[in-house]
Amino acid sequence: MILRLFSLFLSQQSMAMRQTPLTCSGHTRPVVDLAFSGITAYGYFLISACKDGKPMLRQGDTGDWIGTFLGHKGAAWGATLNTEATKAATAAADFTAKVWDAVTGEDVLTLAHKHIVKSVNFTQDSNHLLTGGNDKLIRIYDLSKPEAEPQEIPGHTSAIKKALWCNNDKQILSAADDKTVRLWDRNSTEAVRTLSFDMSVSSMEYIPDGEVLVITYGKTIAFYNALSLDLIKTVDAPASIHSASLHPDKEFFVAGGDDFKLYKFDYSTKEELESYKGHFGPVHCVRFSPDGELYASGSEDGTLRLWQTAVGKTYGLWKCILPAEELASEISETPYCTAPEIKA
Amino acid sequence: MSNNNASSNLVVAKKVVKQLRLEASVRRIKVSQAATDLKNFCIQNAHKDPLLMGVPSSDNPFRPPKSCTLF
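These protein sequence lines map, in sequence, to chains A and B.
Residue numbering for the first sequence follows our numbering, starting at -6 and increasing by one per position.
Residue numbering for the second sequence follows our numbering, starting at 390 and increasing by one per position.
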């Protein structure tokens, strides 16, 4: 297994810290989507959607498998958790979106659609679910009245890849294969703003704190103001990018794509800081944890990997052990602080 | 005939329930805990591991044979 580039720390004896990702196996097909919950009394959680149709719930800081949601009859394309990690929602190729009790794993609600569902998103109060998929319609379901017909928002001329609540759940952002990203008003259901691109948008992330929208297309990661859809900046990566995520403190962002690597960039200077090898297939999704201490990546190789934001820090299963102490102490997932090795 | 089907379905269902009960009662621990336990076991028992420490020649059934002569 090949690993990463070394990063040098400024200290008297420059020490190189090796990034040791936590590899979470279990899925048998490519992992296409992942989402974190908020920080709860039990820590935070991670849900991954996989083409094997069996989304999994994991402990967010360790990657420990908690449970698998069984019920979908087709590939799961999207998965999300509500803030308290009490409910989960998944979007699948069996033309349904399902809502689950994340504590018991039970299938609570099945919402039939007319085509493959790609995206699901809860409102902050978990009372409404937004769905979007290949039928080109954005749907809003009231979870307290599940038998009622959902509110439908037409407009996109091609399959919807992602639909997210924004601006305190008053507006909706959607990205579709028609190469547009649209901002909709929830009440009027009208498109307030539209962004057009030369190519299909591969992913979209919304950061409520600061109202930032992260969009990836081709080799570019673009940052927009989520309220006005004004462009903040664009950054180009060495390879085609499938997904990117901005750190909660907005100091850096990570991106992954076709070349199997994870890239870390400085948000202000746009400089590429580090890149990590590890996955055996294209990276489909990458997200920062709610506390920003780690980021998770899902790949075509069927694994999720958890990467440390601050390599060498003691957090979760990672424990920094200096060479002298190595033999005496208990070894966990250690990023070994080795003698400086500089890779060109 | 329908009587036979009904009773065999019941037998099958009972077996399934019994199996599920067995599976549900299995002791489970977190993957990270299992990984730590495995690592610790390997490290603590490394000195007894013939693959790491080597096997004394006298015990080794695959030692290079000393030549035999027949008189």
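No residue lacks a Cβ here, since even glycine has one placed at the ideal position from N, Cα and C.
In the three-state scheme derived from DSSP, where H, G and I count as helix and E and B as strand, A:T173 is classed as strand. Just measuring C-alpha positions, the residue of A:T124, A:T116, A:W93, A:D94 sitting nearest A:H106 is A:T124. In the three-state reduction of the DSSP assignment, A:I59 falls in the strand class, which pools E and B.
Listed in chain order, the non-local C-beta contacts of B:A402 below 8 Å within the same chain number zero, local neighbours out to five positions each way being set aside. The residues R51, in chain order, have a CB closer than 8 Å to that of A:D57 in the same chain once the five nearest residues on each side in sequence are set aside. Taken through DSSP and simplified to helix, strand or coil, A:C17 comes out as strand. For A:F246, the enclosing beta strand (DSSP E) covers residues 245 to 250. About 19 Å separates the beta carbons of A:P275 and A:F246, which is beyond the 8 Å limit, so they are not a contact pair. Distances from the CA of A:D162 to each of A:I133, A:A168, A:E140, A:A141 were compared; the closest alpha carbon is that of A:I133. Counting along the chain, no alpha helix (DSSP H) covers A:F38; the unbroken beta strand (DSSP E) around it starts and ends at 38 to 43. Chain B has no Cβ within less than 8 Å of the Cβ of A:T187.
For B:V405, there are no C-beta contacts with chain A under 8 Å, since the nearest C-beta of that chain is about 16 Å from it. Its Cα nearest to that of A:T150, the residue A:T187 stands out among A:L157, A:T187, A:F38, A:S181.
Residue state for A:E267 is assigned as strand, using DSSP reduced to three classes. Around the CB of B:Q433, fewer than 16 other CB atoms lie within 10 Å, so the residue is classed as exposed.
DSSP lists A:D94 as the bridge partner or partners of A:K80.
Contacts with chain A (Cβ-Cβ distance below 9 Å) from the region 416 to 430 of chain B involve K419, V420, S421, Q422, A424, T425, K428, N429, listed in chain order.
Pairing A:V279 with A:V25, the inter-Cα distance amounts to about 10 Å. For the set A:T21, A:A42, A:H20, the Cα lying nearest the Cα of A:F29 is the one of A:A42. At the C-beta level, A:L255 and A:S290 come within 8 Å of one another.
Within the region 29 to 62 of chain A, Q52, T55, G56, D57, W58 place their CB atoms closer than 8 Å to a CB of chain B, listed in sequence order.
The CB of A:L310 comes closer than 7 Å to the CB of S421 in chain B, given here in chain order. Looking from the CA of A:A169, the closest CA among A:I153, A:I146, A:G295, A:S236 belongs to A:I153. A:V113 counts as buried, since at least 16 other C-beta atoms from the protein chains shown sit within 10 angstroms of its C-beta.
Between A:V194 and A:Y217, the C-beta spacing is not below 8 Å.
Taking the Cα of B:S421 as reference, the smallest distance to any Cα among A:L39, A:D54, A:Y37 is reached at A:D54.
For A:Y308, DSSP records a beta bridge to A:W311.
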